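Notes follow the structure.
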Amino acid sequence: MTRTWVTFTAKQKALAEKVFDALSTLDALGGEEPPGEGREYRIGFADLYDYAVNPECPGGDEVERAIGHDEKLREDFHRLLEKTSLCRFPHLAAASSGPVTTREWEGFRIHLRGSHAEPSQVYIQIDLLDPSSPPPKALFVIGGERQCRKHPLPEAQEKTIQILADAESDLVKALQDNKTEVFLR
Numbered sequence: 266m267t268r269t270w271v272t273f274t275a276k277q278k279a280l281a282e283k284v285f286d287a288l289s290t291l292d293a294l295g296g297e298e299p300p301g302e303g304r305e306y307r308i309g310f311a312d313l314y315d316y317a318v319n320p321e322c323p324g325g326d327e328v329e330r331a332i333g334h335d336e337k338l339r340e341d342f343h344r345l346l347e348k349t350s351l352c353r354f355p356h357l358a359a360a361s362s363g364p365v366t367t368r369e370w371e372g373f374r375i376h377l378r379g380s381h382a383e384p385s386q387v388y389i390q391i392d393l394l395d396p397s398s399p400p401p402k403a404l405f406v407i408g409g410e411r412q413c414r415k416h417p418l419p420e421a422q423e424k425t426i427q428i429l430a431d432a433e434s435d436l437v438k439a440l441q442d443n444k445t446e447v448f449l450r
């Protein structure tokens, strides 16, 4: 049986961070030349971990690019999100027709609705259905081809997080796609 990040104690989380740092050190010792010496920087597990848990992580574009090109890194990141997220919305059944407007799972609901004032915009509303759940700080979308995007979230207001986005944005398109997995972290 696996446990999710939110069930860990502060001591267990600190220990996990030390383990992730040690794994990153092992990645660095793997014989790669450091950046700036004719080689690109290789994304290690500590980079994945920082990207997953730190809403303001620098270098997110590089991590997303690496996840898009490296299958093992993609699998590691997916497992990391599964273990550390507050909620995972799995992809929806293939029989779903049309764009997805609502996803509900494990105490959270994501609902998309068009703006009446500006038809080219969509409200993305995340409802925290369980009053004891901590509010998420970031939303991750992983598309059918395992492309990953992270979106920092604003503070919750009365157990609701609301984002106004362009109807043609990558985020809205990903949330409407039944092949997309969504993680709240």
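Read left to right, the sequence shown gives residues 266 to 450 (the numbering used here). Virtual Cβ for every residue (Gly too), placed ideally from N, Cα, C. Being a predicted model, the structure only gives us computed values, none of them experimental.
What's the gap between the Cα of residue i and the Cα of residue j?
| i | j | result |
| --- | --- | --- |
| G372 | P400 | 11 Å |
| I308 | E347 | 19 Å |
| D435 | D341 | 23 Å |
| A281 | F273 | 10 Å |
| G363 | D431 | 19 Å |
| Q277 | F285 | 12 Å |
| K402 | A311 | 19 Å |
If you follow the beta strand (DSSP E) that residue i is in, where does it begin and where does it stop?
| i | result |
| --- | --- |
| T425 | 425-431 |
| L313 | Where L313 is concerned, there is no enclosing beta strand (DSSP E), although the alpha helix (DSSP H) it sits in stretches over 310-318. |
What residues are listed by DSSP as bridge partners for residue i?
| i | result |
| --- | --- |
| E344 | Looking at the sequence itself, residue 344 is Arg, so the reference to Glu does not match. Note: R344 sits in no beta bridge, so no partner. |
Below 7 Å CB to CB, which residues in the same chain sit around residue i once its five sequence neighbours on both sides are set aside?
| i | result |
| --- | --- |
| C322 | D315, Y316 |
Does residue i come within less than 8 Å of chain B when only Cβ atoms are used?
| i | result |
| --- | --- |
| D326 | Going by chain labels, chain B is absent from the structure shown, which holds only one protein chain. |
Can you give me the Cβ contacts of residue i inside the same chain, cut-off strictly under 6 Å, excluding the 5 residues immediately before and after it?
| i | result |
| --- | --- |
| I391 | I375, I426 |
| G333 | Q412 |
Quick one: is the Cβ of residue i within less than 7 Å of any heavy atom of the ligand SAH?
| i | result |
| --- | --- |
| P396 | Inclusion of the ligand SAH in the displayed structure is not the case, the ligand content being empty and no account of it being possible. |
Nearest to residue i by CA position, among the options, is which residue?
| i | options | result |
| --- | --- | --- |
| E383 | Q412, E433, C413 | E433 |
| T367 | D312, C413, T445 | T445 |
| E327 | E423, L418, L449, R414 | R414 |
| L449 | A275, K438, P419, V284 | P419 |
With respect to the alpha helix (DSSP H) encompassing residue i, which residues constitute its N-terminal and C-terminal limits?
| i | result |
| --- | --- |
| V437 | 435-441 |
| E329 | 325-334 |
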